[in-house]
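K.L.:
Before I ask anything, here is the structure I am working with.
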Amino acid sequence: MKRNRPFRAQPRFAARALSAAAAACAGMALAALAGCSSAPPLFSPDGLPTTQVQCSAAGGDGCEQQARGMCGGPFEIVRQTTVDGVRNLIFACRKAS
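Quick note, the sequence shown lines up with residues -34 to -1, 1 to 63 if you use mature numbering (1 follows the signal peptide of the UniProt record, and there is no 0).
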């Protein structure tokens, strides 16, 4: 006599899917931490905290637009470099006068 068994693969599948999702999250967290730097934060000459943005070197004033948007107004360029077509801009936000 053949007995009908209920299909019970769903709990195992759910556990595997949850385990795979947890592993993916852990992998992304590890990748994010790998990009972190242990360097101390940079400050402008007058002690204001700085921020870095990257943009295309051929993109005109893309970095300045990003900085202006992040500051909500004026900013001071602390340092800028261009390497392999990528422009790095370090800036400090200024108070609107």
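Glycine included, every Cβ here is placed at the ideal spot set by N, Cα and C.
Compare the Cα-Cα distances from C59 to each of T17, L8, P11 and report the closest residue.
P.N.:
Working through the sequence shown from its first residue, we reach residue 59 at position 93. It is T17.
K.L.:
Measure the C-alpha to C-alpha separation of V19 and R53 and round it to an integer number of angstroms.
P.N.:
Residue numbering aside, residue 19 sits at position 53 when the sequence shown is read from its first letter. Residue numbering aside, residue 53 sits at position 87 when the sequence shown is read from its first letter. Distance between the alpha carbons of V19 and R53: 8 Å.
K.L.:
Output needed for G51: all residues of its chain with C-beta closer than 8 Å, excluding positions within five of it in sequence on either side, in chain order.
P.N.:
As a working mapping, residue 51 is identified with position 85 in the sequence shown. Counting only Cβ-Cβ distances below 8 Å, and skipping sequence neighbours, we find S22, A23, A24.
K.L.:
Where does the unbroken alpha helix (DSSP H) through R34 begin, and where does it stop?
P.N.:
Here residue 34 is taken as the residue at index 68 of the sequence shown, counted from 1. First-last of the alpha helix (DSSP H) with R34: 28 to 37.
K.L.:
Can you grab the Cα-Cα spacing for the pair R34 / V49, in whole Å?
P.N.:
Reading the sequence shown from its first residue, position 68 is the one you call residue 34. Reading the sequence shown from its first residue, position 83 is the one you call residue 49. Those two C-alpha atoms are separated by around 22 Å.
K.L.:
Using a Cβ-Cβ cutoff of less than 8 Å, which residues in the same chain neighbour E56 once the five nearest sequence positions on both sides are dropped?
P.N.:
For this step, residue 56 is matched to residue 90 along the sequence shown. The sequence given here has Ile at residue 56, not Glu. Closer than 8 Å at the Cβ level, and outside the excluded window around I56, lie L8, T16, T17, Q18, I43, V44, R45, Q46.
K.L.:
Tell me the DSSP bridge mates of V19?
P.N.:
Stepping through the sequence shown from its first residue, residue 19 is reached at position 53. DSSP lists L55 as partners of V19.
K.L.:
Can you list, in chain order, the residues of its chain with a C-beta nearer than 6 Å to that of G28? Leave out the 5 residues immediately preceding and following it.
P.N.:
Within the sequence shown, the letter at position 62 stands for residue 28. For G28, the CB contacts under 6 Å within the same chain, skipping 5 residues up- and downstream, are C21 in chain order.
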